Ligand code: NOJ
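Residue numbers (the working numbering): 1162 to 1613.
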């Protein structure tokens, strides 16, 4: 069967990770500007002030994306570039930048795909309580409306939130990401709820204002895969994907996706039962707002944890094989993640699946021949996409795949040490060098995956 004819082959990026231009043309500060300028948070105390200088080099970047063939480019909008204080005056120069970017893409045959929120909350809104403020969903609704009116004539593909698990969990619970807070569970549950309401209001606004819009949501978590294909182990992996672990609670699917896709929280989950007292009293009433029909269920998937069914009938975590293959940042290379997670997610949510991120950090360097050879990434893409095709062949409706990422970039608190791109960036000169994986991915795009 293989990938559908109109399969979306894409590459992704995020505003703070690539743009630079952090204090230009009236942009307001975001929580990442603040956080990176406080010493000690980021590896080598690096920041995104310049990053890949995409703010000035977007034409060159658009040409490189176009060089991959018929692609979709998933990028995020920096909220404080558009509305410097988050909910006040609109900054025309910010709007203008993204309009120019969209035109640069379209004129080269690349389809733009906007992510409205990839973590860089305007600092002014954080100062007002951020996502804990009950007004925050309305701030996000207004920001969505501004983007929809400004870009919706030319961009028809939108995702609301990228990885709520990460910006809530790492930003406000573990404190590793901006704004670096360590808040209690009594704050986490209302924050999750506000973000979910913001998602619902945003989807409604997009549908009202953008004719022909396609909308999705892009949460994350480690996938799960069974250790064997036996029905019992498959069931163990399925159950493991949809439960909430007390210690690593934020890395879960159902708390963040069941309300959006099914219109209710995972009410029977022990974790949910324990902490739901912190939700607003009439939280069920908000489900009508939160649960909006989506065109795509996006999911960022990099690896899977392995599971088997235990003798007591409960899923049992399986230790990874000794000497297992891993990426530069120790993420296990588990291609079957792109078979099982889409399958389980499609069964539960019955909505076309988009892999909104997938990729690998490697030890990339410019070789003596002036090229960047990244055989591990080539192999990763090859193996993972074969598994994704297996899911398609088994009847999972997969609408797209976005490789993370297009260029190397600012990897949040790891600074510039972890390179995820299929295009190498020399940060001293800002020279871009397509890696071997760029050419491999191009051949995948051009053959619609037939070469896998
Ligand atoms: C998750 C995030 O969405 C993205 O910003 C990050 O760079 C990649 N995954 C890799 O960690």
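We put the CB at the ideal spot given by N, CA and C, even for glycine.
Just so it is clear, the structure is predicted and the values come from calculations on it, not from any experiment.
Do you know whose CA, among the options, lies nearest residue i's CA?
i	options	result
residue 1534	1481, 1599, 1587	1599
residue 1319	1299, 1326, 1328, 1306	1306
residue 1476	1467, 1482, 1483	1467
residue 1479	1389, 1459, 1555, 1516	1389
residue 1384	1503, 1351, 1359	1503
residue 1501	1409, 1394, 1440	1394
residue 1555	1495, 1170, 1508	1508
residue 1288	1190, 1525, 1239	1190
residue 1558	1612, 1544, 1456	1456
residue 1232	1269, 1197, 1593	1269
residue 1585	1567, 1572, 1601	1567
residue 1450	1537, 1356, 1536, 1166	1356
residue 1229	1573, 1519, 1171	1171
residue 1238	1247, 1251, 1277	1277
residue 1446	1426, 1347, 1460, 1165	1426
residue 1474	1261, 1396, 1227	1396
residue 1606	1254, 1537, 1227, 1572	1227
residue 1404	1255, 1354, 1366, 1506	1506
residue 1290	1423, 1247, 1260, 1519	1247
residue 1311	1354, 1260, 1436, 1374	1260
Who are the Cβ neighbours of residue i in its own chain at under 6 Å, not counting the five residues just before and after it?
i	result
residue 1364	1376, 1453
residue 1576	1203, 1204, 1205, 1207
residue 1177	1193, 1209, 1281
residue 1481	1493
residue 1347	1439
Who are the Cβ neighbours of residue i in its own chain at under 7 Å, not counting the five residues just before and after it?
i	result
residue 1334	1343, 1344, 1349, 1411
residue 1331	1337, 1338
residue 1490	1522, 1579
residue 1407	1432
residue 1265	1219, 1220, 1223
residue 1574	1202, 1203, 1204, 1337, 1338
Where do the N-terminal and C-terminal ends of the alpha helix (DSSP H) with residue i fall, by residue?
i	result
residue 1193	1192 to 1197
residue 1415	1415 to 1423
residue 1361	1346 to 1370
residue 1287	1284 to 1287
residue 1528	Neither: residue 1528 is in no alpha helix (DSSP H) and is coded neither H nor E.
residue 1460	Premise fails: residue 1460 lies in the beta strand (DSSP E), 1457 to 1461, not in any alpha helix (DSSP H).
Over what stretch of residues does the beta strand (DSSP E) that includes residue i continue unbroken?
i	result
residue 1255	It is not in any beta strand (DSSP E) - residue 1255 instead sits in the alpha helix (DSSP H) that spans 1253 to 1267.
residue 1379	1375 to 1379
residue 1446	Unbroken run through residue 1446: none, as it is neither H nor E.
residue 1272	1272 to 1278
residue 1587	1584 to 1587
residue 1386	1384 to 1387
residue 1466	1465 to 1470
residue 1476	1476 to 1479
residue 1514	1514 to 1518
Alpha carbon to alpha carbon, how far is residue i from residue j?
i	j	result
residue 1279	residue 1327	10 Å
residue 1582	residue 1257	27 Å
residue 1297	residue 1274	24 Å
residue 1414	residue 1551	22 Å
residue 1465	residue 1517	16 Å
residue 1236	residue 1272	11 Å
residue 1168	residue 1361	26 Å
residue 1495	residue 1434	32 Å
residue 1458	residue 1217	32 Å
residue 1315	residue 1263	7 Å
residue 1611	residue 1603	12 Å
residue 1240	residue 1173	18 Å
residue 1429	residue 1378	24 Å
residue 1651	residue 1590	In the structure as shown, the chain begins at 1162 and stops at 1613. Residue 1651 is therefore absent and cannot be evaluated.
residue 1442	residue 1595	53 Å
residue 1163	residue 1553	7 Å
residue 1187	residue 1223	24 Å
residue 1542	residue 1225	19 Å
residue 1249	residue 1309	17 Å
residue 1324	residue 1381	5 Å
residue 1421	residue 1530	50 Å
residue 1549	residue 1487	19 Å
residue 1359	residue 1285	18 Å
residue 1340	residue 1560	34 Å
residue 1540	residue 1601	9 Å
residue 1565	residue 1299	30 Å
residue 1409	residue 1512	27 Å
residue 1368	residue 1317	10 Å
residue 1469	residue 1419	24 Å
residue 1351	residue 1444	9 Å
residue 1497	residue 1252	45 Å
Any beta carbon of chain B sitting closer than 9 Å to that of residue i?
i	result
residue 1321	The structure shown contains no chain B; it holds only a single protein chain.
Spatial neighbours of residue i within its chain, please: C-beta separation below 8 Å, excluding the five flanking residues on both sides.
i	result
residue 1527	1533, 1585, 1587, 1594
residue 1267	1273, 1315
residue 1592	1586
- [ ] Count the C-beta pairs between the segment 1208 to 1215 and the segment 1179 to 1193 that are closer than 8 Å, then say yes if the count reaches three, no if not.
- [x] Touching, per the Cβ criterion.
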